[in-house]
DNA sequence: ACGGGTCAACGAAAATCTTCGTAACCCATC
DNA sequence: GATGGGTTACGAAGATTTTCGTTGACCCGT
């Protein structure tokens, strides 16, 4: 159970498909990815083989056509990558990161309300 | 003025030093980095040469000992990398990203208060 | 002028990431 | 049981990233 290595861009593209579709075959992943970008079927296959070795995905090989699934939830991976970015580009300051995130893309009123609600919980406020 | 490529990990380590120290010589960057990790002087030099070609840093070669400086502020780079992460791992949802960032244990009580304050301003609350 | 120390440039090796051609395999249908 | 379409396995090439040894230039003190 070693620390999962940070997914590369190509790996992340595949993970995105698996998160959205759920467990999928190579062909299913390929169909989705090939819409946006020209790439070969065996490229996707190879990536999934490597990701399996790295532990990024799990493979169900009980049928002839193997089924691949992510081994971490999207949320877990997001946390991991955020933590990584926090260390490497934000000096560990999550305040700084949050400020930047809120400044970059304007959050809707509902978003802000949701964040406020979360702050209340985090701070353990009494109403 | 092409879109600056996302810095690699090694590049980011150097950028961190330059952001903190300001414009520096190869040796100065090397001294800082070699504290945490064993690496050669020429490794740092080569990295800075490459980063110069990529446009990540700017070089003042008017003296014999060259001075390197970042070509983007830390904030600009942070925005860029956050945007990248947002697309690639968060489906473009900054709300989601902020929530995750707040959910880590790295946000201190003061951080949360500062964010709350910012929310107040963003929502235009009257006191 | 000489020698030791510091410097940037260059090339190349090592490591990692990305892509795909080829082969081997399985199964359904002719 | 041969053929064809779809599958995984394998290896290797190409691209990028990371590392550093070597070389030649430059400077300063003797």
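Chains as they are written, first to last, in my numbering: chain H, 34 to 160; chain B, 34 to 160. Don't be surprised by glycine CBs; every beta carbon is placed ideally from N, CA and C. Since the structure is predicted, the reported quantities are computational estimates derived from the model, not experimental observations.
Query, Result
"Quick one: is residue 50 (chain H) near chain B, going by C-beta distance under 8 Å?", "no"
"How big is the Cα-Cα spacing for residue 147 (chain H) and residue 131 (chain H)?", "14 Å"
"Which residue comes first and which comes last in the beta strand (DSSP E) that contains residue 91 (chain B)?", "90-93"
"In chain B, which residues lie less than 7 Å from residue 60 (chain H) when you measure between Cβ atoms?", "The premise fails here: residue 60 (chain H) is roughly 23 Å from chain B at the closest Cβ pair, so nothing lies under 7 Å."
"So which of H:84, H:64, H:101 has the shortest CA-CA distance to residue 44 (chain H)?", "H:84"
"Is the Cβ of residue 131 (chain H) closer than 8 Å to any Cβ of chain B?", "yes"
"Using a beta-carbon distance cut-off of less than 8 Å, what residues from the segment 112-123 of chain B approach chain H?", "112, 114, 115, 116, 118, 119, 121, 122, 123"
"Pull up the distance between the alpha-carbon of residue 107 (chain H) and that of residue 122 (chain B), whole angstroms please.", "8 Å"
"Just the Cα atoms here: how many angstroms apart are residue 149 (chain B) and residue 98 (chain H)?", "51 Å"
"Residue 135 (chain H) and residue 151 (chain B) - do their beta-carbons sit closer together than 8 Å?", "yes"
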